[in-house]
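One structure is given below, encoded as structure tokens.
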């Protein structure tokens, strides 16, 4: 199999929700001499882009998207240890992400992380049900450009205000862009609570984050 | 007989000024029957909000039935909405699946106004199925909040409803099979399993959920309807399912909805989160469901609010009352003027097609300002129907 064929199969594995098939394909790709970075950006990530297109035009829905994310992560898990040695991977920005206080639902984060990673945003997952201090500490420890608040429920989305305020009080607000994500978020409400933006769609979230950072679309 | 109910009845009965030509009950019932009302009814889901509005913390009412009921009636007496929502939280729904010693880990109250946090009860589909097959929900029922809090609270509110001569209806809340299926294992897990697990196994789980829910309806027939309940809100799951999943698995909700419609006179469906027209269409076709409390449009739909309201109203035309506006986000973070604007848009876009009820798509957040809740009520009250 040539390079293009292997990369096409990797993208297909994500799009066709082939959880079992992706790992052998990654092995095959590496054995064939493909760089981890190209395997990621031109194989797995391309698959996630196709999933995004299918999601946006109503051909794929959340249950399938969640499984596609698992496929992507299974492939990424094999590639990730090799990426540090591969100087070709271009990271646009670093993001810390976690579910805000009171929220243990990971459904949005499970979709957002692979989509963001596939778009060149390095994501550090802080976990779920995080108190405000966890985000403050996360910013101090990882120096991200982006902070993502995940929230599944309307009621927990409303905690955005307190968490943003804690980041501001710690003197860290100006150094980061804050974006909320999840099915219940609303961009206008997020801005009123002190965040920079919000998106209920991971792919749209990437567009918004690039805008916030002044990066080309 | 309840002291708290009798106190409120003696304070309120015969002393409240009328609003319009209809009672609250008549207004809600007429809207559900798709008949003309004097004003557009307004019945925001005040679950958590009414507790803090009445001056209690959520911790304070958690085990105190009288205070819970007091909060609901006190709020209604002040605001005169067209229905009283009984207080329901997630522990009422699923606490009886686990023994008492596990409950503190799964249900956590923190801030005074915070939503009750909960953790899923099973980690795998096999575990969830086993939980149902063992009928754990019966084993641990006796000391669960379904028995110690939900039921006595419901009975108190129904006692108030009846002693007030049915001026205002009480809305009984109960969850559908898909809501249980998702909640018990955590929504994203169940959604993935619909794709990755054998279809028969998913069906088995959903059928078990359905059986438990249908058996629960017998309880409601005796204790809710038997004590005067007429209005019932079914909390649906399946919020982000696509057409294929609805086609394959949503029949359990259809069966349940139809059964509930045979017991309660006025059943409406609560479908919060992001809604697809296809899901609304499915709900609109369930016999016995007279209203749909719907929410925001799905991600990919590029529609304005009036367009979305009109689209939904057309789906419900001739079948259901449309229940919406404002969004819970706007109710919490918008201005009173914005709330008024969205309520007006909803009414204007809906009434040409079906009846309307001002009722945000989900429960009002505890932090929502009182002036915003008042704004939605006043806007509905200012809209006399010719």
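Protein chains in written order, with the working numbering: chain X, 135 to 351; chain A, -2 to 383. Glycine included, each C-beta is placed from N, C-alpha and C at the ideal position.
Item to complete: Would you verify that the beta carbon of residue 248(X) is, or is not, closer than 8 Å to some beta carbon of chain A?
Response: Here residue 248(X) is taken as the residue at index 114 of the first chain, counted from 1. Not closer than 8 Å to any Cβ of chain A, the Cβ of residue 248(X) fails to qualify, so no.
Worksheet entry | Alpha-carbon to alpha-carbon, residue 180(A) and residue 117(A) | One-based indexing of the second chain puts residue 117(A) at position 120. One-based indexing of the second chain puts residue 180(A) at position 183. Distance between the alpha carbons of residue 117(A) and residue 180(A): 7 Å.
Worksheet item: Alpha carbon to alpha carbon, how far is residue 26(A) from residue 140(A)?
Response: As a position in the second chain, residue 26(A) is number 29, starting the count at 1. As a position in the second chain, residue 140(A) is number 143, starting the count at 1. Whole-angstrom Cα-Cα distance: 35 Å.
Worksheet item: When the distance is taken between beta carbons, is residue 153(X) closer than 8 Å to residue 204(X)?
Response: Taking the first chain and counting its residues from 1, one reaches residue 204(X) at position 70. Taking the first chain and counting its residues from 1, one reaches residue 153(X) at position 19. In this structure, residue 153(X) lies closer than 8 Å to residue 204(X) by Cβ.
Worksheet item: Whose CA, out of 196(X), 149(X), 160(X), 161(X), lies closest to the CA of residue 190(A)?
Response: Residue mapping note: residue 190(A) aligns to position 193 of the second chain, counting from 1. Residue 190(A) has its Cα closest to that of 196(X), out of 196(X), 149(X), 160(X), 161(X).
Item to complete: With 8 Å as the limit, tell me which residues of the segment 160 to 190 of chain A have their beta carbon closer than that to any beta carbon of chain X; keep them in chain order.
Response: Residues of the segment 160 to 190 of chain A with a C-beta atom less than 8 Å from some C-beta of chain X are 183, 184, 185, 188, 189, listed in chain order.
Discussion item. If I follow the unbroken beta strand (DSSP E) through residue 238(A), where does it start and stop?
Written reply: Along the second chain, read from residue 1 onward, the residue named residue 238(A) stands at position 241. Judged by DSSP secondary structure, residue 238(A) falls outside any beta strand (DSSP E); it is assigned neither H nor E.
Worksheet item: Going by DSSP, which residues form a beta bridge with residue 267(A)?
Response: Taking the first residue of the second chain as position 1, residue 267(A) is located at position 270. Answer by DSSP bridge pairing, in chain order: 232(A), 290(A).
Worksheet item: Is it buried or exposed for residue 331(X), if we count other Cβ within 10 angstroms and need 16 for buried?
Response: Along the first chain, one-based indexing puts residue 331(X) at 197. Burial call: buried.
Discussion item. Using CA atoms only, rank isn't needed, just tell me which of 165(X), 160(X), 299(X), 333(X) is closest to residue 206(X).
Written reply: Position 72 of the first chain, counting from 1, holds the residue named residue 206(X). When only C-alpha atoms are compared, the closest one is 160(X).
Worksheet item: Under the three-state reduction of DSSP, which class applies to residue 77(X): helix, strand or coil?
Response: The structure shown has nothing for residue 77(X), since chain X only spans 135 to 351.
Worksheet item: Should residue 326(X) be flagged as near chain A, meaning a C-beta pair shorter than 8 Å?
Response: Reading the first chain from its first residue, position 192 is the one you call residue 326(X). So yes, residue 326(X) belongs to the interface.
Item to complete: Can you grab the Cα-Cα spacing for the pair residue 76(A) / residue 232(A), in whole Å?
Response: Taking the first residue of the second chain as position 1, residue 76(A) is located at position 79. Taking the first residue of the second chain as position 1, residue 232(A) is located at position 235. Near 24 Å, if we compare the C-alpha coordinates of residue 232(A) and residue 76(A).
Discussion item. If contact is defined by three or more beta carbon pairs under 8 Å, each pair taking one atom from either stretch, is the segment 249 to 262 of chain A in contact with the segment 161 to 177 of chain A?
Written reply: Judged by Cβ distances under 8 Å, the segment 161 to 177 of chain A makes contact with the segment 249 to 262 of chain A, as three or more pairs qualify.
Worksheet entry | Contact set for residue 109(A): own chain, Cβ-Cβ below 6 Å, skip 5 residues either direction | As a working mapping, residue 109(A) is identified with position 112 in the second chain. Excluding residues within five positions, the ones whose Cβ falls inside 6 Å are 54.
Item to complete: Can you grab the Cα-Cα spacing for the pair residue 93(A) / residue 103(A), in whole Å?
Response: Looking up residue 93(A) in the second chain gives position 96. Looking up residue 103(A) in the second chain gives position 106. Each residue's alpha carbon lies about 12 Å from the other.
Fill in: Any chain X beta carbon closer than 8 Å to residue 279(A)
Taking the first residue of the second chain as 1, we reach residue 279(A) at position 282. Not one beta carbon of chain X lies nearer than 8 Å to the beta carbon of residue 279(A).
Worksheet item: So, using beta-carbon positions, are residue 188(X) and residue 156(X) closer together than 8 Å?
Response: The residue given as residue 188(X) occupies position 54 in the first chain. The residue given as residue 156(X) occupies position 22 in the first chain. No, they are not a contact pair.
Worksheet item: Rounded to the nearest angstrom, how far is the Cβ of residue 138(X) from that of residue 246(X), given a contact under 8 Å?
Response: Counted from its first residue, the first chain places residue 138(X) at position 4. Counted from its first residue, the first chain places residue 246(X) at position 112. Rounded, the Cβ-Cβ distance is 29 Å, inconsistent with contact.
Worksheet entry | 4 or more residues per run - each alpha helix (DSSP H) lying fully within the segment 198 to 224 of chain A | If we require 4 residues or more, the segment 198 to 224 of chain A turns out to have no alpha helix (DSSP H) run fully inside it.
Worksheet entry | Within 8 Å, strictly: CB atoms of residue 319(X) and residue 285(X) | Stepping through the first chain from its first residue, residue 319(X) is reached at position 185. Stepping through the first chain from its first residue, residue 285(X) is reached at position 151. Contact: yes.
Item to complete: Determine whether the Cβ of residue 437(A) lies closer than 8 Å to any Cβ atom of chain X.
Response: It is not possible to answer for residue 437(A), since the shown part of chain A is limited to -2 through 383.
Discussion item. Using 8 Å as the cut-off, can you tell me whether the segment 56 to 71 of chain A makes contact with the segment 362 to 382 of chain A, which would need three or more C-beta pairs spanning the two stretches below that distance?
Written reply: Proximity of the segment 56 to 71 of chain A to the segment 362 to 382 of chain A falls short of the contact definition, fewer than three beta-carbon pairs being nearer than 8 Å.
Worksheet entry | Residues of the segment 319 to 333 of chain A with Cβ closer than 8 Å to any Cβ of chain X, in chain order | 324, 325, 326, 327, 329, 330, 331
Worksheet item: Below 8 Å, can you find three or more Cβ-Cβ pairs linking the segment 141 to 148 of chain X to the segment 165 to 181 of chain X?
Response: yes
Worksheet item: Between residue 67(A) and residue 14(A), what straight-line distance do the alpha-carbon atoms span, to the nearest angstrom?
Response: Counting from one through the second chain, the residue named residue 67(A) turns up at place 70. Counting from one through the second chain, the residue named residue 14(A) turns up at place 17. Between the alpha carbons of residue 67(A) and residue 14(A) lies a gap of roughly 21 Å.
Worksheet item: With a CB to CB cut of under 7 Å and the five nearest residues on each side skipped, what residues in its chain are close to residue 73(A)?
Response: Your numbering for residue 73(A) matches position 76 in the second chain. If we look at residue 73(A) and ignore the five residues flanking it on each side, its Cβ neighbours are 81, 165.
Item to complete: Pull up the distance between the alpha-carbon of residue 97(A) and that of residue 138(A), whole angstroms please.
Response: Reading the second chain from its first residue, position 100 is the one you call residue 97(A). Reading the second chain from its first residue, position 141 is the one you call residue 138(A). Spanning the two alpha carbons is a distance of roughly 10 Å.
Discussion item. If you measure between the beta carbons of residue 323(A) and residue 315(A), is that distance less than 8 Å?
Written reply: In the second chain, the residue the question calls residue 323(A) occupies position 326. In the second chain, the residue the question calls residue 315(A) occupies position 318. No; because the gap between Cβ atoms is not below 8 Å, this pair is not in contact.
Practice prompt. Determine the direct distance from the alpha carbon of residue 266(A) to that of residue 398(A), and round the result to whole angstroms.
Written response: Residue 398(A) is absent from the model: chain A starts at -2 and stops at 383.
Item to complete: Let me know the alpha helix (DSSP H) ranges lying completely inside the segment 134 to 173 of chain A, each 4 residues or longer, listed in chain order.
Response: 148 to 160
Worksheet item: Hey, how far is the Cα of residue 339(X) from the Cα of residue 351(X)?
Response: On the first chain, residue 339(X) is found 205 positions in, with the first residue counted as 1. On the first chain, residue 351(X) is found 217 positions in, with the first residue counted as 1. Roughly 12 Å between the two C-alpha positions.
Discussion item. Residues of the segment 213 to 234 of chain A in Cβ contact with chain X at a cutoff of 8 Å, in chain order, please.
Written reply: none
Discussion item. With three or more beta-carbon pairs closer than 8 Å as the criterion, would you say the segment 19 to 38 of chain A touches the segment 345 to 360 of chain A?
Written reply: yes
Worksheet item: Hey, quick one: how far does the beta strand (DSSP E) through residue 227(X) stretch, first residue to last?
Response: Here the question's residue 227(X) lines up with position 93 in the first chain. 227 to 234 is the extent of the beta strand (DSSP E) around residue 227(X).
Worksheet item: Do the segment 226 to 235 of chain X and the segment 273 to 288 of chain X touch if we need at least three Cβ pairs shorter than 8 Å?
Response: yes
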